[in-house]
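Step one of this worksheet: look at the structure below.
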Amino acid sequence: ETKRWIIHRDEIDDNAIQEAAALMRNGETVAFPTETVYGLGADATNEAAVARIFEAKGRPGDNPLIAHVASLPQLRSLVGTLPPVAEKLVDAFTPGPITLVLPEKGICARNVTAGLSTIGVRIPDHPVAQALLEACNTPIAAPSANVSGKPSPTTADHVWSDLHGKIAGLVDAGPTGVGLESTVVDCTQGIPVILRPGGITKEQLQAVCGTVMVDPALASTGEKPKAPGMKYTHYAPEVPLWLVAGPPENIQAVIDAEHKQQKRVGVMAGTDTANKLQADKVTPLGATLPEVAANIYDALRLFKHADVDVILCETFPETSIGQAIMNRLRKAATNYISE
Ligand code: TXA
Ligand code: MG
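Numbering (my numbering), first residue to last: 690 to 1028.
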């Protein structure tokens, strides 16, 4: 049985937080909202507790977890003195949707880092996550609270449908905000390297650090990614997803061609494009890139239940949060139809 607490992010029920924290201090797993996606938390210093996360998600053991803390002093206790670039990033973006990869100091259990000498650390910017982390008073290892390979959960119902019965608790405080995961930044070199694009954009990082590099594995398929999780096909809906570049007419042409083959076609697109298309199911994702980011995982999950043979998705400009959107769409897609 999974205990579910329904609380309000602006008026947090302290009893619920204390109960959830007590479960985690006792080595159990509890899902909770952050500003990006829901996380599945366990005491990062307790190896058996961390093992429960891997088991519940069906997560490969070579994929390290992010340690979540409530405060900067706690973060420093996990990684020691911050290199100058990490100090700048922490000043500018923490708490917020960024994860810093730094040399670890052996405080977390070994399975958190999957044997790496570095650890990802993050201070989430969500009042419920903050309250829970403060009440736990120990670092909390927390991957996204989905079954491995499914889209990350942006609502408590997503978590429930993936994990109920497999986890001890779920703190339900409604939909998350950003809708895509944190930006993972390797700070162990002099120059920061983006290992996973996310809620903090490359442009924002550049404004603070000057030069920023991107893990070459994100562009080519030949390289081995430095964030182990980036090598897996993530977020895949059960129906094939095709990315279709170019104007709405291009997408409509693909829809029409599939209709001629008696195929039922679903479409995901920005609202302007969606309004111009005729298909069996059309899901508008929003008018701006941040709206698209917030809606995309829910849309991928909804299409699982839609009676279609193929999902087409518009491509988006790779500026600001568009980089993270396109990164996730490429990982989910089985086909790319260029202009
Ligand atoms: O927004 C987020 O980051 C969410 C919320 C819950 O905080 N968490 C999340 O965790 O997305 P997860 O486990 O789904 O993704 C963590 C990513 C994986 O790609 C993992 O390989 C990478 O971060 N990662 C973690 N520790 C690392 C390390 N020491 N070195 C390189 N990559 C690391
Ligand atoms: Mg994940």
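Even glycine gets a Cβ: it sits at the ideal position worked out from N, Cα and C.
Next item on the list: May I ask you to report which of helix, strand or coil DSSP gives L791?
Entry: strand
Checklist line | Cross-strand partners of W694 (DSSP beta bridge) | finding: Answer is V860, bridged to W694.
Next item on the list: Tell me whether S850 counts as near the ligand SAH, meaning its Cβ is closer than 7 Å to at least one heavy atom of that ligand.
Entry: Only the ligand TXA and the ligand MG can be found as ligands here, which leaves the ligand SAH out of the picture.
Notebook entry, point to check: Do N752 and G918 have their C-beta atoms within less than 8 Å of each other?
Noted result: yes
Item checked: Burial state of A896 (16 or more Cβ within 10 Å) -> exposed
Item checked: Top-ranked residue by Cα proximity to Q967, from G728, K891, P937 -> P937
Margin query: Would A830 and A733 be called neighbours here (beta carbons separated by less than 8 Å)?
Written below: yes
Margin query: Here's the rule I'm using: 16 or more other beta-carbon atoms within 10 Å means buried, otherwise exposed. How should Q893 be labelled?
Written below: buried
Item checked: Extent of the continuous alpha helix (DSSP H) to which R990 belongs -> Counting along the chain, the alpha helix (DSSP H) containing R990 begins and ends at 978-994.
Next item on the list: Flag G730 as yes when its Cβ comes closer than 7 Å to any non-hydrogen atom of the ligand MG, and as no otherwise.
Entry: No, the Cβ of G730 stays beyond 7 Å of every heavy atom of the ligand MG.
Next item on the list: Anything with a beta carbon under 6 Å from a heavy atom of the ligand MG counts; list them all in chain order.
Entry: P832, S833, S841
Item checked: Spatial neighbours of W694 in its chain, beta-carbon cut-off 8 Å, leaving aside the 5 residues before and after -> D702, A705, E708, A709, G858, L859, V860, D861
Check: Start and end of the alpha helix (DSSP H) containing E892?
Finding: 891-898
Notebook entry, point to check: If we count Cβ pairs, one from each stretch, closer than 8 Å, do we get three or more for the region 836-855 versus the region 719-739?
Noted result: yes
Note to self: On the DSSP letters alone, give me the boundaries of the alpha helix (DSSP H) that I940 sits inside.
What the structure shows: 937-949
Notebook entry, point to check: Which two residues bound the contiguous beta strand (DSSP E) that contains R885?
Noted result: 882-885
Note to self: By the DSSP assignment, the beta strand (DSSP E) with H757 in it spans what residues?
What the structure shows: That run of the beta strand (DSSP E) goes 755-757.
Item checked: Runs of alpha helix (DSSP H) lying entirely within the region 789-845, each at least 4 residues, in chain order -> 799-802, 816-825
Item checked: Distance cut-off 7 Å: K915 Cβ against heavy atoms of the ligand TXA -> yes
Notebook entry, point to check: Based on the DSSP secondary-structure assignment, which residues constitute the bridge partners of D998?
Noted result: Looking at the DSSP assignment, D998 forms no beta bridge with any residue, so it has no partner.
Margin query: At a cut-off of 7 Å, would you count S760 as near the ligand TXA, judging by its Cβ distance to the nearest heavy atom?
Written below: No.
Next item on the list: State the Cα-Cα distance for the pair T1023 and V933, rounded to the nearest angstrom.
Entry: 11 Å
Item checked: Among P792, R811, P813, nearest to G804 - alpha-carbon criterion -> P792
Notebook entry, point to check: How many angstroms separate the CA atom of V790 from the CA atom of V928?
Noted result: 34 Å
Notebook entry, point to check: Is the beta carbon of D882 within less than 7 Å of some heavy atom of the ligand TXA?
Noted result: Looking at the sequence itself, residue 882 is Val, so the reference to Asp does not match. No, Cβ of V882 sits at least 7 Å from all heavy atoms of the ligand TXA.
Notebook entry, point to check: Measuring CB to CB, does A890 end up less than 8 Å from I985?
Noted result: For the record, residue 890 in the displayed sequence is Thr; it is not Ala. Not a contact, by the Cβ cut-off of 8 Å.
Next item on the list: Kindly indicate which three-state DSSP category I706 falls into: helix, strand or coil?
Entry: DSSP places I706 in helix when its eight states are reduced to three.
Next item on the list: Consult DSSP for P749 and reduce its assignment to one of helix, strand or coil.
Entry: Of the three classes helix, strand and coil, the one that applies to P749 here is coil, per DSSP.
Check: Does the Cβ of V971 lie closer than 7 Å to at least one heavy atom of the ligand TXA?
Finding: Answer for V971: no, Cβ out of range of the ligand TXA.
Item checked: C-beta atoms of A798 and E717 nearer than 8 Å -> no
Note to self: Please report the distance separating the alpha-carbon of K692 from that of R748.
What the structure shows: 22 Å
Next item on the list: Return the bridge partner residues of P762 from the DSSP annotation.
Entry: BP columns for P762 are empty, so no partner.
Note to self: Which of the three DSSP states is assigned to L930 in this structure?
What the structure shows: The three-state reading of DSSP puts L930 in strand, counting E and B together.
Notebook entry, point to check: Closest to C825 by CA distance: which of G879, G866, L712, G785 is it?
Noted result: L712
Margin query: Comparing C-alpha positions only, which one of K952, I796, L1001 sits nearest to V758?
Written below: The shortest Cα separation from V758 among K952, I796, L1001 belongs to I796.
Check: For the alpha helix (DSSP H) that contains G1011, what are its first and last residues?
Finding: 1011-1021
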